[in-house]
Amino acid sequence: MTTLENRPNTALLVIDVQVGVVAEAYERDKVVANIAGLVERAREDGVPVVWVRHSAEHLVPGSEDWQIVPELEPRDAEPVVGKQYGDAFEDTTLETVLAGLGAGKLIVTGAETDACVRSTLHGAFTRGYDAQLVSDAHTTNDGTSWGAPSPELVIAHTNLYWTYQSAPGRTAGTAAAADVRFRAQDS
């Protein structure tokens, strides 16, 4: 039900699942495995997978920390969008990539829940996309030493909040990885 015209397709968005981002992330292996399963199913169903990779002082392009984790490997034909801000739409080619794919619905996964995932979800929604968060395919690091809630509470709160997000002409919500349906007839 996206508000974007001529954008009937769905894309799987994998945000910042990079070596240096998720090395110590909450339930890292489980989340990466869930994302890997989603990537495989999307590919089988002919749904585009779009990868997002953050660059920063601690994520220098070309460095080991900047690389996407070895369990996940973008295919040559799959777009990899570089970014420097939390919202993957901000000052990137993401909108152009998604427009070229005819994508108006995003299935969102990745890291970190309380930063880039949440910023990109909001960025997508305010731009007119339908945005579904995969409840068990995003993670974050422990920020309790800076006053943040524990990772499990950050994830739970984000899932709760996104389940009830709404706006005119757009849909939001969450689904567990096992319940995500890529094919239109399965939706």
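Count the sequence shown with full-length UniProt numbering and you get residues 1 to 187, in order.
In this text, a Cβ means the ideal position worked out from N, Cα and C, and glycines have one as well.
What is the DSSP secondary structure of residue i, reduced to helix, strand or coil?
i	result
residue 178	helix
residue 3	coil
residue 186	Unreliable placement is indicated for residue 186, whose pLDDT of 40 sits below 50; no coordinate value is reported for it.
residue 143	coil
residue 99	helix
residue 115	helix
residue 72	coil
By alpha-carbon positions, which one of the options ends up nearest to residue i?
i	options	result
residue 168	149, 130, 153, 183	130
residue 47	115, 156, 119, 104	104
residue 55	76, 80, 73, 33	80
residue 136	145, 36, 88	36
residue 133	96, 94, 11, 70	11
residue 90	121, 164, 71	121
residue 28	51, 49, 178, 71	71
residue 182	2, 9, 74	9
residue 92	83, 99, 74, 98	83
residue 102	64, 7, 75	7
residue 74	98, 63, 49, 66	49
residue 155	178, 138, 86	138
residue 87	41, 164, 123, 163	123
residue 43	76, 166, 172	76
residue 177	41, 145, 128, 147	41
Residue range of the alpha helix (DSSP H) that residue i falls in?
i	result
residue 155	151 to 163
residue 20	19 to 22
residue 39	28 to 44
So the beta strand (DSSP E) residue i belongs to, where does it begin and stop?
i	result
residue 122	Run containing residue 122: none in the beta strand (DSSP E); it sits in the alpha helix (DSSP H), 118 to 126.
residue 65	Note, residue 65: premise wrong, no beta strand (DSSP E); not H, not E.
residue 53	49 to 54
residue 82	80 to 83
residue 11	9 to 15
Thinking residue i and residue j are a contact (beta carbons under 8 Å), I'd like their distance in whole angstroms, please.
i	j	result
residue 39	residue 111	So it is not a contact: roughly 15 Å between Cβ atoms.
residue 113	residue 140	4 Å
residue 17	residue 68	6 Å
residue 108	residue 13	5 Å
residue 51	residue 78	6 Å
residue 179	residue 26	In fact, because the Cβ distance is near 21 Å, the residues do not count as touching under 8 Å.
Check whether the segment 53 to 66 touches the segment 11 to 21, counting contact only when three or more Cβ pairs, one atom from each stretch, lie closer than 8 Å.
These segments touch.
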